[in-house]
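Each number in our numbering comes from the position in the sequence shown (counting from 1) with 242 added on. Contents: one structure, followed by commentary.
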Amino acid sequence: MSAARRTSARVTTRTGDGGDTSLFSKDRVRKTDPRIDALGDLDEAQSAIGMARAMAPRSSLGRELLELQRGLYVAMSEVATPRLDLARLPQRIDAAALERLDRALEKARASVRVEGRFVIPGETRIAAAVDYARTVARRAERSVVACVDAGLVDADPLLPWLNRASDFLFVLARASERAPRPAKSATAKSQAKTRRAKR
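Structure below.
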């Protein structure tokens, strides 16, 4: 058996076949638990941001999105950990993390004009992808609020960080609307010229 096979994590454990799953503390809860709902929404936000990031490789936007993804993983670890066990986490969303996100938001806000109107997403492909990630992040925030209201998760500074994260995505989407459209390849230009000649 190869080393890769020996160290590979198990994907199918069958322990959740009955409708329950584990928190970080190994406590078993039902998959309808508010924390599991919130973790699912946060995971979806991760993937949505990842889709947007894949459309902006080697760019400042891609780097900003990656930092958000890293922060979301920390947020997920907090939601997945019972309050009595939070001290065991190696990293948490703290005041410093919130301050860093605030600074990034203000920097992005200073470089783009945000008009006081409702926005119809879709000006560019990347802006639409970031806007979609924003809506998923908002849903994840609402799910975490439900956990806070149920006394399962500490509110501060996790909720402000999540709220700021979706604000940041909104501003990044507006900045992405100004992104130049991809240049046409020589083949595409030649095909377009041929089509015009046939008219």
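Positions of the beta carbon are idealized from the N, C-alpha and C atoms, including for glycine.
Euclidean distance between Cα positions of residue i and residue j
{"i": "valine 413", "j": "glycine 313", "result": "18 Å"}
{"i": "aspartate 409", "j": "aspartate 398", "result": "17 Å"}
{"i": "glycine 304", "j": "leucine 331", "result": "27 Å"}
{"i": "arginine 270", "j": "serine 353", "result": "47 Å"}
{"i": "glutamate 419", "j": "valine 372", "result": "10 Å"}
{"i": "alanine 296", "j": "leucine 308", "result": "10 Å"}
{"i": "proline 299", "j": "glutamate 306", "result": "11 Å"}
{"i": "arginine 345", "j": "aspartate 279", "result": "30 Å"}
{"i": "alanine 290", "j": "leucine 326", "result": "31 Å"}
{"i": "serine 301", "j": "arginine 342", "result": "19 Å"}
{"i": "aspartate 396", "j": "alanine 287", "result": "20 Å"}
{"i": "arginine 355", "j": "proline 324", "result": "41 Å"}
{"i": "arginine 391", "j": "serine 385", "result": "The residue asked about is misnamed: residue 391 is aspartate in this sequence, not arginine. For aspartate 391 and serine 385, the distance between alpha carbons rounds to 10 Å."}
{"i": "alanine 337", "j": "valine 361", "result": "31 Å"}
{"i": "alanine 425", "j": "alanine 379", "result": "Low confidence applies to alanine 425: its pLDDT is 47, below 50, so where it sits in the model is not reliable enough to give any reading."}
{"i": "serine 319", "j": "leucine 328", "result": "9 Å"}
Secondary structure of residue i, DSSP reduced to three states
{"i": "arginine 355", "result": "coil"}
{"i": "aspartate 283", "result": "helix"}
{"i": "aspartate 398", "result": "coil"}
{"i": "aspartate 344", "result": "helix"}
{"i": "valine 372", "result": "helix"}
{"i": "arginine 416", "result": "helix"}
{"i": "valine 361", "result": "coil"}
{"i": "aspartate 275", "result": "coil"}
{"i": "aspartate 269", "result": "coil"}
{"i": "aspartate 327", "result": "helix"}
{"i": "aspartate 409", "result": "helix"}
Same chain only: Cβ atoms within 8 Å of residue i, ignoring 5 sequence neighbours per side
{"i": "valine 387", "result": "Leu401"}
{"i": "tryptophan 403", "result": "Gly313, Ala317, Ile335, Ala339, Leu340, Leu343"}
{"i": "glutamine 311", "result": "Gln288, Ile291, Gly292, Arg295"}
{"i": "leucine 451", "result": "What the structure shows of the chain is the stretch from 243 to 441, and residue 451 is not part of that stretch, so it cannot be assessed."}
CA nearest to the CA of residue i, picked from the options
{"i": "alanine 350", "options": "Asp269, Pro363, Ala407, Ile362", "result": "Ala407"}
{"i": "tyrosine 374", "options": "Gly292, Arg355, Asp327, Gly282", "result": "Gly292"}
{"i": "arginine 416", "options": "Ile368, Glu383, Leu404, Ala382", "result": "Ile368"}
{"i": "asparagine 405", "options": "Val361, Val372, Thr377", "result": "Thr377"}
{"i": "threonine 366", "options": "Ser289, Ala294, Ala338", "result": "Ala294"}
{"i": "arginine 277", "options": "Val321, Arg359, Ala290, Asp391", "result": "Val321"}
{"i": "leucine 347", "options": "Leu265, Leu281, Leu411", "result": "Leu411"}
Close-in-space but distant-in-sequence residues of the same chain around residue i (CB under 6 Å, 5 per side omitted)
{"i": "alanine 370", "result": "Pro363, Gly364"}
{"i": "glutamine 333", "result": "Val316"}
{"i": "arginine 359", "result": "none"}
{"i": "glutamate 357", "result": "none"}
Rounded Cβ spacing between residue i and residue j (contact assumed at less than 8 Å)
{"i": "arginine 381", "j": "aspartate 283", "result": "5 Å"}
{"i": "lysine 273", "j": "aspartate 285", "result": "Actually they do not touch by this definition, with Cβ atoms about 13 Å apart."}
7 Å CB neighbourhood of residue i in its chain, flanking five on each side removed
{"i": "leucine 394", "result": "Pro276, Arg277"}
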